[in-house]
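Take a look at the structure set out below.
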Amino acid sequence: MRPDVCPTCGELVPENAKACPECGSCEETGWSDDAKADQLGIPSDSFDYDDYVKREFEGEKPKRKLEPLWILTAGGLLAAMLWFMFGR
382 MRPDVCPTCG ELVPENAKAC PECGSCEETG WSDDAKADQL GIPSDSFDYD DYVKREFEGE
442 KPKRKLEPLW ILTAGGLLAA MLWFMFGR
């Protein structure tokens, strides 16, 4: 039996709908939270993270454009602290 309002996401369910147009809950899923979780695109338990990283970043090294800026900032702060402590 189709509810007027989806108990999973709260959207109005059209009269002739067999499933919620927003989250996909239906009579087969029991208008359950599983239907909304499926929509999120969360990887299943069989997800291989190492394989994903290899496919996505194969041959690429991480880009560190701001590394020199951080080194200069840290050096400047260190110099300012030393001057403040001993330069008076």
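If you're matching positions, the sequence shown starts at 382 in the working numbering and goes up one per residue.
Every residue gets a Cβ at the ideal spot worked out from N, C-alpha and C, and that includes glycine.
Owing to the predicted nature of the structure, the values given are computational and were not obtained by experimental measurement.
Around the CB of T389, 16 or more other CB atoms lie within 10 Å, so the residue is classed as buried. Counting only unbroken stretches of 3 or more residues, no beta strand (DSSP E) element lies wholly within the region 385-414. With contacts defined as CB atoms closer than 8 Å, P402 and P395 qualify as a contacting pair. Residue state for R436 is assigned as helix, using DSSP reduced to three classes. Note on S427: under 16 other CB atoms within 10 angstroms of its CB, so exposed under the neighbour-count rule.
Rounded to the nearest angstrom, the gap between the Cα atoms of E448 and A455 is 11 Å.
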